[in-house]
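Take a look at the structure below.
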Amino acid sequence: MIVNRKAGSITLFSFDEDEGLSEHTAPFDAVVTILDGECEVWVAGETSLMKEGETIIFPANIPHALSAITRFKMMLVMIRE
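Residue numbers (the numbering used here): 649 to 729.
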């Protein structure tokens with residue numbers, strides 16, 4: 649974790665091919681930016697392919713998941729306040 653404050657956090661993640669995060673919800677909005685590689689993202693039942701330089705918002709309390717198509721890195725910004 650790079651930053652962890654009351655108002656939010658910034659975390660870097662790295663995944664190998666076929667790794668990812670299973671479907672879950674979070675109580676806060678989250679902004680994900682793909683830093684390297686490609687992944688498949690599911691938000692509220694819709695699937696998107698994402699690659700380096702692209703950003704997506706995961707709204708609070710909405711189911712979401714992601715899976716690496718290639719090795720990839722992402723930055724997660726969690727907005728708590």
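A virtual CB, placed ideally from N, CA and C, is assigned to each residue, including glycine.
Small disclaimer: the values here were computed from a predicted structure and weren't measured.
Under the rule that a run must span 3 or more residues, the beta strand (DSSP E) segments found entirely inside the region 687-720 read 694-699, 703-706 and 712-716. Excluding residues up to 5 positions away in sequence, 668, 669, 670, 671, 672, 689 and 690 lie with their Cβ nearer than 8 Å to the Cβ of residue 713 in the same chain. Distance from residue 675 to residue 652 at the Cβ level is roughly 16 Å; contact not present, criterion being Cβ atoms closer than 8 Å. Ranked by Cα distance from residue 696, the options 726, 717, 684 and 678 are led by 717.
For residue 664, the secondary structure class from DSSP, reduced to helix, strand or coil, is coil. A straight-line Cα-Cα distance of about 24 Å links residue 729 and residue 702.
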